[in-house]
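Asker: Residue numbers (our numbering), protein chains in the order written: chain Y, 1 to 490; chain B, 1001 to 1317; chain L, 2001 to 2297.
Quick reminder that beta carbons are idealized off the backbone N, C-alpha and C, glycines included.
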Amino acid sequence: MAKEKMTTAFEYAPAPESRSVVDIAPSYGLFIDGEFTEAADGKVFKTVSPSTEEVLAEVAQAGEADVDRAVRAARKAFEKWSALPGSERAKYLFRIARIIQERSRELAVLETLDNGKPIKETRDADLPLVAAHFFYYAGWADKLDHAGYGANPRPLGVAGQVIPWNFPLLMLAWKIAPALATGNTVVLKPAETTPLSALFFADICRQAGLPKGVVNILPGYGDTGAALVAHPDVNKVAFTGSTAVGKEIARTVAGTRKKLTLELGGKGANIVFDDAPIDQAVEGIVTGIFFNQGQVCCAGSRLLVQESVHDELLDSLKRRLSTLRLGDPLDKNTDIGAINSAEQLARITTLADQGEAEGAERWSPACELPSAGYWFAPTLFTNVTQAHTIARDEIFGPVLSVLTFRTPDEAVAKANNTQYGLSAGIWTEKGSRILAVANKLRAGVVWSNTFNKFDPTSPFGGYKESGFGREGGRHGLEAYLAPSSPEGER
Amino acid sequence: MPTTAPHALADVTASDSTLRRFLHGLPGVDAVGLEARAASLGTRSIKTTAKAYAIDLAISMVDLTTLEGADTPGKVRALGAKAVRPDPTDRTTPATAAVCVYPDMVATAKEAVAGSSVKVASVATAFPAGRAALPVKLADVRDAVAAGADEIDMVIDRGAFLAGNYRKVYDEITAVKEACGAAARLKVIFETGELSTYDNIRRASWLGMLAGADFIKTSTGKVAVNATPANTLLMLEAVRDFRAQTGVQVGVKPAGGIRTSKDAIKFLVLVNETAGADWLDNHWFRFGASSLLNDLLMQRQKLATGRYSGPDYVTVD
Amino acid sequence: MNAVDRLSVLKTYKLYVGGKFPRSESGRVYEVTDPKGNWLANAPQSSRKDARDAVVAARKAFGGWAGATAYNRGQVLYRVAEMLEGRRDQFVREVADAEGLGKSKAGAVVDAAVDRWVWYAGWTDKIAQVVGGGNPVAGPFFNLSSPEPTGVVAVLAPQESSFLGLVSVLAPVIATGNTAVVVASEKSPLPALSLAEVLATSDVPGGVVNVLSGRTAEIAPPLAAHQDVNAIDLAGADEGLAKQLEIAAADNLKRVLRPQAVDNWTATPGTDRLTAFLETKTVWHPTGSLGASGSSY
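#1: As an exercise, report each continuous beta strand (DSSP E) stretch of at least 3 residues that is fully enclosed by the region 1034-1066 of chain B, in chain order.
#2: Can you find a CB in chain B that lies within less than 8 Å of the CB of residue 2287 of chain L?
#3: Identify whether residue 2273 of chain L lies in helix, strand or coil by the three-state DSSP scheme.
#4: Cβ of residue 386 of chain Y within 8 Å of Cβ of residue 369 of chain Y?
#5: Name the chain Y residues whose beta carbon is nearer than 9 Å to that of residue 2255 of chain L?
#6: When we look at the beta-carbon of residue 2038 of chain L and count the other beta-carbons within 10 Å, is it buried (16 or more) or exposed?
#7: Name, going along the chain, the residues of the region 65-87 of chain Y whose beta-carbon falls closer than 7 Å to a beta-carbon of chain B.
#8: Please name the residue in Y:170, Y:214, Y:185 and Y:164 whose C-alpha comes closest to that of residue 246 of chain Y.
#9: Check for me: the beta strand (DSSP E) holding residue 118 of chain Y runs from which residue to which?
#10: Is the beta carbon of residue 2311 of chain L less than 8 Å from the beta carbon of residue 2043 of chain L?
#11: Residue 241 of chain Y and residue 2130 of chain L - do their beta-carbons sit closer together than 8 Å?
#12: Does the Cβ of residue 1226 of chain B have 16 or more other Cβ atoms within 10 Å, making it buried, or fewer, making it exposed?
#13: If you scan the region 289-356 of chain Y from start to end, which runs of the alpha helix (DSSP H) of 4 or more residues do you find wholly inside it?
#14: When you compare the CB positions of residue 1229 of chain B and residue 1058 of chain B, do they come within less than 8 Å of one another, or not?
#15: Tell me the DSSP secondary structure of residue 6 of chain Y in three-state form.
#16: Go to residue 1137 of chain B, then tell me how far its alpha helix (DSSP H) extends in each direction, as first and last residue.
#17: Excluding the 5 residues flanking residue 1073 of chain B on each side, which residues of the same chain have their C-beta closer than 8 Å to its C-beta?
#18: Do three or more CB pairs link the region 2244-2257 of chain L to the region 2209-2225 of chain L at distances below 8 Å?
#19: Taking residue 124 of chain Y as the query, report the chain B residues whose CB atoms sit under 9 Å from its CB, ordered along the chain.
#20: So residue 2280 of chain L contacts chain Y; which residues on that side make the cut at Cβ distance below 8 Å?
#21: Got a sec: is the Cβ-Cβ distance from residue 2136 of chain L to anything in chain B below 8 Å?
#22: Quick one: what does DSSP say residue 1088 of chain B is sitting in, helix, strand or coil?
#23: Of all the residues that make up the region 2118-2130 of chain L, which are near chain Y by a beta-carbon distance shorter than 8 Å?
#24: Just to confirm before moving on: does the CB-CB distance between residue 2092 of chain L and residue 2107 of chain L stay below 8 Å?
#25: Since residue 161 of chain Y sits in a beta bridge, which residues does DSSP pair it with?
#26: Mind checking if residue 2168 of chain L is an interface residue toward chain Y, Cβ cutoff 8 Å exclusive?
#27: Return the chain-ordered ranges of every beta strand (DSSP E) run that is complete within the region 201-268 of chain Y and spans a minimum of 3 residues.
#28: Looking only at its chain, what residues have a beta carbon closer than 7 Å to the beta carbon of residue 450 of chain Y, apart from the 5 residues adjacent to it on each side?
#29: Which residues bound the alpha helix (DSSP H) around residue 418 of chain Y?
#30: What's the call for residue 2285 of chain L, buried or exposed, on a 16-neighbour Cβ count within 10 Å?
#31: Would you call residue 2054 of chain L buried or exposed, if buried means 16 or more other Cβ atoms sit within 10 Å of its Cβ?
#32: Closer than 7 Å by beta-carbon distance: list the chain L residues that pair up with residue 251 of chain Y, in chain order.
#33: From residue 18 of chain Y to residue 232 of chain Y, what distance separates their C-alpha atoms?
#34: Classify residue 483 of chain Y as helix, strand or coil using the three-state DSSP reduction.
#35: For residue 2293 of chain L, decide whether its Cβ has a neighbour in chain B, counting only Cβ atoms nearer than 8 Å.
#36: Let me check understanding here. Comparing Cα to Cα, which of Y:400, Y:395, Y:396 and Y:428 lies closest to residue 411 of chain Y?
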């Protein structure tokens, strides 16, 4: 009997999230002492949507005088904020968490516009994690006596925080939630390419009735961050970003009493053994390097495959990459969005070209890139060795370097052969091998048979040049509490 | 369709031990990762033209099913009429793929769908438990085929499978396949809810395909856990990989528990992004369902008119 | 006094590197005196090459020491206390000479140092439970955070408290599985060099602790800048040197423990010196849900 063949293919129609849920003003000020204000020198900069290059808003650019004003506001607010009972601080944070949940659709669209990442990710990953982070640390605010840092642990004072553009609001949450829970006040500088969600967060602080000066937001470039970090009245510096800048900050705070935590770059190894659950491993590899266009410090950017399954795995991986949907970040079916900036795109392009020049074999699925905006196709490099630049330098883009190994020892040696030590992945069905390999990997987060999972209860941070200190969990409180002194007196 | 194991993997069915080694050598399945992937594909947003396409495709893939002790010729005739003309108010609505009935209702069903594209599928082999001697099961199959069944939905011996007697399961399937002859396509039901683990479902899928199944099917609809996005995704991976290794394409039929258009569309997304467009056709993918059809019809009416429809505007069968 | 006084046998103090007792490769020594200026001994004056050799030895020892069971490390550290107790008189004399203390005060210091080894010996197999644990993540995952040693730690021993201070900064570093390159108190290095002899006979594997004597300002900068050193304890650095070393340490993002004012080395130390040189590793694995409806595993 003749089967009825459908004539059209299953093409997903555009399914754009409505942009109207977010109202972006033409211009934004600095948020200092509870008010939006212009920069002292009147400087502004523009923030654009990376997927279209459309200017979204003009934002005040904080200079040294503004940093000083914000730190003074935070210092003034510290007195009362730190003296509040923990249970009261907790309620402010719970309020913030709830308002974030209420406004999560708006914030997800905003973040997608300003950052370029797919709405699927802001909706299903960034925003739920942001709210969860505030909920988690809210609960700590009145339980610090029980956190293992001695009785009645003290806050440090004013925290100067500098965050990156890859997860703008989530990195803000990772910084601000523990700082406020422990009784510190905050001056935070968002990245110059993604200032908007932090400024919307300022409005959330207003809605929550947070006392003025407790949170101050200073948009700006690297020099604004440098001024904040160097300010003599800052007690705590927390930075997430590149290793090069992290080192610069470490030099700046040397010889001071400022407490420092750094969450920096990585070159994570994702190790696939021949007995791996192969379909899930393929998903994990994809999540590991193409989540957020690979602009993730803990990305699994080096795939280490056991030689005996190399061809089979690569076939599966390539087939899978061919199903990735690249395009309008606001479309709910988009898997791969835009690269955050022209500068980042140039860096990715340069490193990928270098990979090719050094003899690695380049492959991308057939994929049409939009004409406007900053785009880079998902890219695989095979025949990569530890000697290739693309196996050593953090690319921070959707570029996967595939290397092979023969034995577990070789896998561990290659995985650890990097200046970084943030993340790693292990794929095998053999329990003892997972534990043995996890034990030997010099990395702060080891995902076995999964990848790129995050949770507010779970400490995150690196070994070696990936930085120091941990964010998340009970461990994350330590960065914001004064060190204990002998005999438990604090 | 080949009636014996495909050449590329012919060796693995040579003996009980080679079969066991092969099945146990298949890659493991991580349950959390599999379910996460299924859930992630479930977030695809299928709108407007894509939705219209998917709804018609889904309707055309329905094996409209009645498998009750209370089935009567009247009930089966009504079902047949519905399968042929799901929406009397809109003749552009595609017919369903098949009606699915017990063997003694095959003749009635055949009459009811006569002259249409709708096939008659019959469950057999002591459905749903499968607890009968092989000759009884084969008689069940021959009876249905003789009455004109185009398709046979057999159940495997889950007891034998769980006891590790893979060769016994294999032999039964090949025997049933033989009883189907050239006329009837064979769907092999694993009752995934009873196999309990995803590793078992993957092994059963390969076992069924090696034994000559034309379709692999999740469930009878008679146990607590029937078709799920995750077990269907897993079976789609199996048919994809089987074709890659042997060149033989096998169909997939999730059955039981799929009741809404939204669910059905999620399954079609799984097909599209796992096995691929080659399976987006009722020759290769089916829904074993009954109430699903009316929901698809109401959604179809909504797309056509812009108004939400109601149960009074679709037929009760 | 007898007409013929017996001439005592003086000790040649040496460095302790990789389980061996070499002289400084530079061939240099410097004069060590008591607080009144009386000559006590000549100590090796280490060079940057000695520092480099010590780092190599410490790195080589790291895998084995970090990989040893916590119980085993505890046994070894307790053995150090036993050996120290046996050499109590020697250390009382050396500490008294080094720090200008009376015999009973020096005795109390040595006793405290022995007790400190015992305290840290007991910590080896407990700290992981105190600072690590399972995290209740919101998802089907088992997730465990465990402390791990950070690697090779350069330890600038306190300048004033030549023995108790030294033990107080060294023991926590190795208790958790790190290996150490110790720069002894510049003006009072002799108790540190003698401690090395105790370590050598206490089942502490060679290279786990390496002891250098000499000019802190000469040996510390190459250690702070060394790319294969993971952390540095600046206890024995003054303010100016500490800043310079912290800047150098930023080159490979060493964990830096800044100098902290310690009035009283005999006070119970707490866990801060243990945790200062620990990393936290978090390992995830899916669990799946056992028997939950609709879910297989």
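Answerer: To lay it out plainly:
#1: 1062-1065
#2: yes
#3: helix
#4: no
#5: 468
#6: exposed
#7: none
#8: Y:164
#9: Where residue 118 of chain Y is concerned, there is no enclosing beta strand (DSSP E), given that its DSSP letter is neither H nor E.
#10: Residue 2311 of chain L lies beyond the stretch modelled for chain L, which goes from 2001 to 2297, so this question has no answer here.
#11: no
#12: buried
#13: 310-321
#14: no
#15: Residue confidence is low: residue 6 of chain Y scores 45 on pLDDT, short of 50, so the model does not pin down where it sits. No coordinate-derived value is stated.
#16: 1134-1146
#17: 1105 and 1108
#18: yes
#19: 1040 and 1043
#20: 444, 459, 461, 470 and 475
#21: no
#22: coil
#23: 2130
#24: yes
#25: Y:188 and Y:238
#26: no
#27: 215-217, 236-240 and 259-263
#28: 284
#29: First-last for residue 418 of chain Y: undefined, no H or E at that position.
#30: buried
#31: buried
#32: 2247 and 2250
#33: 45 Å
#34: coil
#35: Unreliable positioning characterises residue 2293 of chain L in this predicted model, as indicated by a pLDDT of 45, which lies under 50. A coordinate reading is not provided.
#36: Y:428
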